[in-house]
Structure formats: C-alpha cells, structure tokens
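Worksheet: the structure to be examined is printed underneath.
Numbering (my numbering), first residue to last: 176 to 289.
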C-alpha cells in the first residue's frame, strides 16, 4: 500500500491548495508487531508501506499515528534538528505508533521551487 495526499480517495473532499509547500515527507512502515504481520495493526499497515505527503494526512494512513508524526514534520519544516530528540540525523527519525505496534521512519525533503 502506498498513500499519497496528492491523489485523494475518489469522492473525498480535498483541501484547496493555495500555499506552495517547501517540504515533502516520506513515512515508511518498518515493522508491525512482533511477527511483522498486517493483522497486528488495526488498519492493516504492512512493512514496506510508504506514504508521501506535504502537510495533510496521507490517504489510508493511520490518524492516531499522524498525531504523533505531525510534530516531527513541524520540527523539520522549521529547520529544527531531530537529533535533539535522539534521531541519527536532523531530518529523519524512527518512531512507534501510539499503540506501540508499528515502527515508522519519517524523512523530510526540501522541495525545489519552480
């Protein structure tokens, strides 16, 4: 499964994009539960699932996990340094979902202005 906030689920209301975002984020599912099975995640995330987004929650992504990931996105967006939170580099960090069963890696990438 790959989610992309720029390609919405048909029939869903889309946020009007009036602001050009400077950053894009990649959220990667690294591990699920003890046995790495989708059944261990309430919404069925699997290792290898990748979600791309700029500001809004990616389609198909867990809203509870996004609550935890969004502050990390804001730190990156403000050019903060995730190493102060224990990350290995300034714009990438691993974290667990609120239930503690899914491990994610969030990475931020500055977008080139057109």
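All C-beta atoms, glycine included, are put in the ideal place defined by N, C-alpha and C.
Item to check | Extent of the continuous beta strand (DSSP E) to which residue 218 belongs | outcome: Against the chain shown, residue 218 aligns to sequence position 43. Where residue 218 is concerned, there is no enclosing beta strand (DSSP E), given that its DSSP letter is neither H nor E.
Checklist entry - Touching or not, the stretch 238-253 and the stretch 270-288, by the rule of three or more beta carbon pairs under 8 Å? => result yes
Next on the checklist: Let me confirm a value: residue 229 is counted as buried when at least 16 other C-beta atoms fall within 10 Å, else exposed. Which label applies?
Outcome noted: Taking the chain shown and counting its residues from 1, one reaches residue 229 at position 54. Result: buried.
Checklist entry - Does the Cβ of residue 195 have 16 or more other Cβ atoms within 10 Å, making it buried, or fewer, making it exposed? => result Taking the first residue of the chain shown as 1, we reach residue 195 at position 20. The residue is exposed, with fewer than 16 neighbouring Cβ atoms inside 10 Å.
Item to check | Cβ distance (whole Å) where residue 281 is taken to contact residue 202 below 8 Å | outcome: By 1-based counting over the chain shown, the position of residue 281 is 106. By 1-based counting over the chain shown, the position of residue 202 is 27. Correct: roughly 5 Å between the Cβ atoms.
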